[in-house]
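**Student:** Residue numbers (the numbering used here): 246 to 729. Dropping a structure here in structure tokens format, bear with me for questions.
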Amino acid sequence: MAKKKRKGFLTAFSIIFILIFVLGIVSHFLPKAEFVTVDGVEEIVNGSGVVGATLSEILLSPILGFENAIDVCIFVLILGGFLAIVARTEALETGIKVLVKKLKGHELVLIPILMFIFSIGGTTYGMLEETVGFYALLSATMVMAGMDTIVASAVVLLGAGSGVLGSTINPFAVGAAVSALPEGVVVNQGLIIGIGVVLWLTTLIISILFVMAYARRVIKKKGSTFLSLRERKNMEEEYGDHANTDVTNVKLTGKQKITLCLFALTFVVMIIGFIPWEEFGINIFTRFTGWLTGSALGQWYFYEAALWFLIMSVIIGIVNRTGEKNFVDTFIDGADDMVGVILIIAIARGASVLMQVTYLDNYIIYNAAHLLENVPVIIFAPFNYIIHVLLSILVPSSSGLATLSAPIIGPLANQLGYSVEGTIMTLVAANGLVNLITPTCGAIMGGLALAKVEYATWFKFALKIVATIALVNIIILTIAMMIL
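This is the structure we're talking about:
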């Protein structure tokens, strides 16, 4: 019996635009904000209400998303050129074939290993947007190993996302939340790390079990069991050459081995550059590593990473004697392939831009805190989690949510005699959960676009996993709040 063709759902672009218009409309049905003048400057009365969005503000918010996400967009653009230069050498393709050859019959072992590695990046420095380039690389690997691009997407997103959800020393989540607490509200950093470790590992284990179970089904049925016909066609066009490839006699040349070493070095240095070493008392990198990019390792962000990838693209081109014209043409083609990804990332930021313009984010968090006043801890913990899940859909940035929410929810927990550490980790975990599935997260939408997986498909696939993680998170956080 022939399989019924699944109808295509709305594209990522349409989903985000609809959400932005809904937010704009909602802003007109909420109480109007009150303003006071302080030292000649007009300031909003926190939690008093919102400012109704004008049509121009609604229409302009996706455009302003480019300004808000310009650093990430530049990084992704240069990343595309870098990957194209590497792809031209066929080093990655050959290296993947060699890996599949060595793992013949044991391909599933890649899943827990890679997910654990990604999760370390997530829990230490919030590795999420930096993973975009890995979607294409792992898609080729998993397709060649007899799996599909959903497995590849899940390895990257659920792996890194598990770490971000259970952030231990992540400066963009835990660090931002703690620093946003007002004077007089003291936290025990050791307790935060302890709760983070439990959340990180339980979430990672749940994710690995679900992903491996799905991967086994794909291998057993010799094809994707979740992708639509259109997605499978797109996957085959992009990565089909890697499927059913004969790897019996494949070998790496000397130049390809050097290229793979340089490729690995590029990402290792990037990761080292993002980790805030000085916060851990490690100052070795600040003494001699700032001469190339202008910022020492440990102080990097997306501009420095973009420059580093550009430099390494040139070095790999020289090693492989690409030639100036071929190098430029290849790099431009690679950057061009990332335009769709960049559009999605920028437009996704538009929702956050509109939230700030209308003060909708401010209104939600103040009224949410009011609802949690004088409730027992067994209700406070799960409801605080649910409230921050809803808020994170609109404010996916971990540092943005922490800066917005921690100054309000932290003192409230302290006043009620509840654990501030547990409250901070509730905020972080809820935000991390949402960033496994929300369409307002540019990293998700951009990565899925590279993997040729539609958002609706990912949502359907991940929903059960996310629901399970949420339930376990709530149990852990409620227990932590009750005993601390």
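Ideal Cβ positions, reconstructed from N, Cα and C, are used throughout, including at glycine. Model, not experiment: these values are computed from the prediction.
Would you check if the distance between the CB atom of Met-515 and the CB atom of Ile-590 is smaller than 8 Å?
**Tutor:** no
**Student:** Using 10 angstroms around the beta-carbon of Trp-536, count the other beta-carbons present and answer buried if the total reaches 16, otherwise exposed.
**Tutor:** exposed
**Student:** Helix, strand or coil for Thr-282 per DSSP?
**Tutor:** Strand, per DSSP.
**Student:** Just to check my reading of the structure: Ile-395 and Phe-320 have Cβ atoms closer than 8 Å, yes? What is that Cβ distance to the nearest angstrom?
**Tutor:** Not a contact, Cβ separation roughly 25 Å.
**Student:** Give me, in chain order, the residues of the same chain whose beta-carbon lies closer than 7 Å to that of Leu-722; leave out the 5 immediate sequence neighbours on both sides.
**Tutor:** Ala-626, Tyr-630, Gly-667, Met-670, Thr-671 and Ala-674
**Student:** Would Gly-408 be called buried (16 or more neighbouring beta carbons within 10 Å of its own) or exposed?
**Tutor:** When all chains shown are included, Gly-408 counts as buried.
**Student:** Please state whether the Cβ-Cβ distance between Thr-504 and Val-573 is less than 8 Å.
**Tutor:** no
**Student:** Would the segment 651-660 count as touching the segment 694-703 if we require 3 or more Cβ pairs under 8 Å?
**Tutor:** no
**Student:** According to DSSP, which residues form a beta bridge with Glu-288?
**Tutor:** Val-281
**Student:** Alpha carbon to alpha carbon, how far is Val-271 from Ile-260? Give it in angstroms, no decimals.
**Tutor:** 16 Å
**Student:** Out of Leu-599, Asp-393, Gly-485 and Leu-344, point me to the one whose CA is closest to Lys-466's CA.
**Tutor:** Ranking the options by Cα distance to Lys-466, first place goes to Asp-393.
**Student:** Restricting to Cα atoms, I'd like to know which of Met-727, Glu-699 and Tyr-608 is closest to Glu-279.
**Tutor:** Glu-279 has its Cα closest to that of Tyr-608, out of Met-727, Glu-699 and Tyr-608.
**Student:** Rounded to the nearest angstrom, what separates Ile-624 and Leu-426 at their Cα positions?
**Tutor:** 23 Å
**Student:** At which residue ranges does the segment 326-411 contain complete alpha helix (DSSP H) runs of 4 or more residues, listed in the order of the chain?
**Tutor:** 336-347, 355-370, 377-389 and 394-410
**Student:** Work out the CA separation of Asn-619 and Val-584 for me, nearest whole Å.
**Tutor:** 50 Å
**Student:** Quick one: grab the DSSP three-state call for Val-463.
**Tutor:** helix
**Student:** Taking the continuous alpha helix (DSSP H) assigned at Arg-477, which residues delimit it?
**Tutor:** 474-484
**Student:** Does Tyr-732 pass the burial test, meaning 16 or more other C-beta atoms within 10 Å, or should it be called exposed?
**Tutor:** No information on residue 732 is available, as it lies outside the stretch 246 to 729 that the chain covers here.
**Student:** Under three-state DSSP, which class holds Val-679?
**Tutor:** DSSP, read as helix, strand or coil, puts Val-679 in helix.
**Student:** Suppose the cutoff is 6 Å on Cβ atoms and the five residues either side in sequence are ignored; what does the same chain contact list for Met-372 look like?
**Tutor:** Gly-366 and Ala-405
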